[in-house]
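Novice: Below you'll find the structure I mean.
Residue numbers (this note's numbering): 644 to 727.
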């Protein structure tokens, strides 16, 4: 059961940080870049690849944060059980 909760925490962390990065940062920057700086389809393709890489890194970082949150929650739970 613990492994299922841990995987769920990792998944939620990864999806949450990835979604927040995409909607809060990457989409506005992408729209601005498309309107003001992009001169060809090649520029847009490069921007898209960079955005995907950033989103993948955010998913990895979010998974790590989810795992960290699970470990802290588990540690707090164990310390409560040890106290009489």
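Quick reminder that beta carbons are idealized off the backbone N, C-alpha and C, glycines included. None of these values were measured; they are calculated from a predicted model.
1) Considering just the uninterrupted stretch of the alpha helix (DSSP H) at residue 696, what are its terminal residues?
2) What are the boundary residues of the alpha helix (DSSP H) that residue 665 is part of?
3) Report yes if the C-beta distance between residue 730 and residue 706 is below 9 Å; otherwise report no.
4) Is residue 726 near the ligand MN, judged by its Cβ being under 8 Å from some heavy atom?
5) Measure the beta-carbon distance from residue 660 to residue 708 and round it to whole angstroms, keeping in mind my assumption that it falls under 8 Å.
Specialist: Result, derived from the coordinates:
1) Taking the first residue of the chain shown as 1, we reach residue 696 at position 53. Residues 684 to 725.
2) For the purposes of this step, residue 665 is taken as the residue at position 22 of the chain shown. No alpha helix (DSSP H) contains residue 665, which DSSP labels as neither H nor E.
3) This structure does not reach residue 730, given that the chain is present from 644 up to 727, and the question cannot be answered.
4) This structure lacks the ligand MN, and indeed carries no ligand of any kind.
5) As a first step, residue 660 must be located in the chain shown, where it is residue number 17. As a first step, residue 708 must be located in the chain shown, where it is residue number 65. Yes, residue 660 and residue 708 are in contact; Cβ-Cβ is about 7 Å, under 8 Å.
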